[in-house]
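Start counting at 1 in the sequence shown, then tack on 259, and there's your number in my numbering.
Here a beta-carbon is modelled for each residue, glycine too, at the ideal position from N, C-alpha and C.
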Amino acid sequence: MDGRFGRCDVCGSPRARLFLRSPRLDGPLVRCAECGHLFVAVRSRGFTFTGADPARTAALADRIRALGIVDVGVEEGEAPSLREAAQRERLERLLRHVSGGRLLDVGAALGDFLAVAGERFDAEGVEPDPATAGQAVARGLRVQNTALDRLSAPPGGYRAVTMFHVLEHLDSPRAGLDVVRELIAPDGVLMIETPTVDSVFFRIAPGRWRQLIPDHYHFFSCATLTRLLGDTGFTVITHQKVGRRVSLRFAADRWRRAGLPAAGPLRHLLTATGTAERTVRIVPGDIMEVTARPR
260 MDGRFGRCDV CGSPRARLFL RSPRLDGPLV RCAECGHLFV AVRSRGFTFT
310 GADPARTAAL ADRIRALGIV DVGVEEGEAP SLREAAQRER LERLLRHVSG
360 GRLLDVGAAL GDFLAVAGER FDAEGVEPDP ATAGQAVARG LRVQNTALDR
410 LSAPPGGYRA VTMFHVLEHL DSPRAGLDVV RELIAPDGVL MIETPTVDSV
460 FFRIAPGRWR QLIPDHYHFF SCATLTRLLG DTGFTVITHQ KVGRRVSLRF
510 AADRWRRAGL PAAGPLRHLL TATGTAERTV RIVPGDIMEV TARPR
């Protein structure tokens with residue numbers, strides 16, 4: 260409570276209490292004593308979402324590999340049709356609020372969302388990692404390899420800005436949203452997807468929560484994200500938990516990542532019975548989607 264954990268990015272308070280320590284995080288997870296926001300303090304490596312840094316990228320990959328968080332075979336083995344369907348669901352939800360115009364996808368990665376958003380929007384993205392941005396460009400997508408705060412708004416601003424699993428990686432989500440507020444059109448829509456602590460599993464077993472990952476630094480509730488959006492000039496218009504259709508193999512791997520019992524036998528059973536590629540729709544309850552408009 261003496262300020263050694265730094266200031267809360269949501270409310271600015273220097274008062275925070277230790278919540279838990281985990282080898283899967285880059286420092287202690289603390290809770291702000293004023294607003295309740297959970298964030299990683301006293302960072303040891305600094306894996307936040309920044310520009311090109313090969314040493315940082317390699318160190319993060321080594322750390323995730325050592326922790327056994329990601330099974331590359333499972334991640335890359337998902338059918339392209341399932342990946343595309345997930346992006347189309349995002350697009351459909353966005354189209355409920357804005358019908359077209361210029362769109363910016365922040366943290367565009369390989370451009371999977373841009374590939375479908377381009378059917379309805381004049382879509383472009385920004386991705387700070389040069390190798391990832393290069394792969395997106397090679398697909399024929401418009402992705403700038405730069406930092407968000409180096410972008411300039413187009414005339415009239417972007418009609419839509421999307422940030423899918425970006426906020427939790429930023430050094431300062433507040434600073435990122437301040438930049439977005441300058442880029443977005445007065446009648447534009449911001450769509451955010453991020454992990455939420457408003458979940459049953461987090462309340463029951465926070466130390467085993469699957470979202471504890473070395474490059475996750477901010478963990479929002481609906482209340483803390485709504486407050487931060489309000490402070491940065493936005494008004495929340497919708498909030499919901501989201502999911503997607505995945506293979507049973509993928510679902511079993513997420514069970515494993517959560518440290519739940521019988522994950523190993525379940526995976527073997529799916530393989531033995533030939534059911535691993537069957538699909539199921541999951542809504543894990545710890546991913547929230549928030550849409551907002553500038554005030």
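Once the 5 residues before and after residue i are set aside, which same chain residues still bring their CB inside 7 Å of it?
| i | result |
| --- | --- |
| Leu487 | Val269, Pro432, Arg433 and Leu436 |
| Pro465 | Leu279 |
Express the C-alpha separation of residue j and residue i in angstroms, rounding to a whole number.
| i | j | result |
| --- | --- | --- |
| Val331 | Gly377 | 28 Å |
| Asp430 | Phe479 | 14 Å |
| Arg239 | Pro273 | Only positions 260 to 554 of the chain appear in this structure, which leaves residue 239 out of reach. |
| Ile443 | Glu536 | 40 Å |
| Gly398 | Phe264 | Note that residue 398 is Arg in the sequence shown, not Gly. Cα to Cα, Arg398 sits roughly 43 Å from Phe264. |
| Arg283 | Arg302 | 12 Å |
| Met422 | Ile451 | 5 Å |
| Arg355 | Ala531 | 43 Å |
| Arg467 | Gly518 | 6 Å |
| Arg515 | Ala412 | 43 Å |
| Arg324 | Val425 | 21 Å |
| Asn404 | Pro524 | 43 Å |
| Leu297 | Val456 | 9 Å |
| Arg504 | Pro387 | 29 Å |
| Val375 | Arg508 | 25 Å |
| Glu348 | Pro520 | 31 Å |
Is the beta carbon of residue j closer than 7 Å to that of residue i?
| i | j | result |
| --- | --- | --- |
| Gly360 | Arg401 | no |
| Leu373 | Ala382 | yes |
| Val495 | Thr485 | yes |
| Gly502 | Pro553 | no |
| Ala367 | Ala406 | no |
| Gln470 | Pro454 | yes |
| Gly447 | Lys500 | no |
Taking the continuous beta strand (DSSP E) assigned at residue i, which residues delimit it?
| i | result |
| --- | --- |
| Thr307 | Here Thr307 belongs to no beta strand (DSSP E), and DSSP marks it neither H nor E. |
| Ala412 | Careful: Ala412 lies outside any beta strand (DSSP E) and carries neither H nor E. |
| Ile546 | Ile546 to Pro553 |
| Asp381 | Asp381 to Val385 |
| Gln499 | Phe493 to Lys500 |
Quick check on the DSSP output: the alpha helix (DSSP H) that includes residue i runs from which residue to which?
| i | result |
| --- | --- |
| Pro445 | Element bounds for Pro445: not the alpha helix (DSSP H) but the beta strand (DSSP E), Ile443 to Pro454. |
| Asp490 | Cys481 to Asp490 |
| Ile541 | That residue, Ile541, is in no alpha helix (DSSP H); its beta strand (DSSP E) goes Thr538 to Ile541. |
| Leu528 | Ala522 to Thr532 |
Helix, strand or coil: which one does DSSP assign to residue i?
| i | result |
| --- | --- |
| Ala510 | helix |
| Phe264 | coil |
| Gln346 | helix |
| Ala367 | coil |
| Ala317 | helix |
| Thr405 | coil |
| Val505 | strand |
| Val289 | strand |
| Ala374 | helix |
Going by beta carbon distance, what residues of the same chain come within less than 6 Å of residue i, once the five residues before and after it are set aside?
| i | result |
| --- | --- |
| Val289 | Phe264, Ala275, Leu277, Phe278 and Ala300 |
| Cys291 | Cys267, Ser272 and Ala275 |
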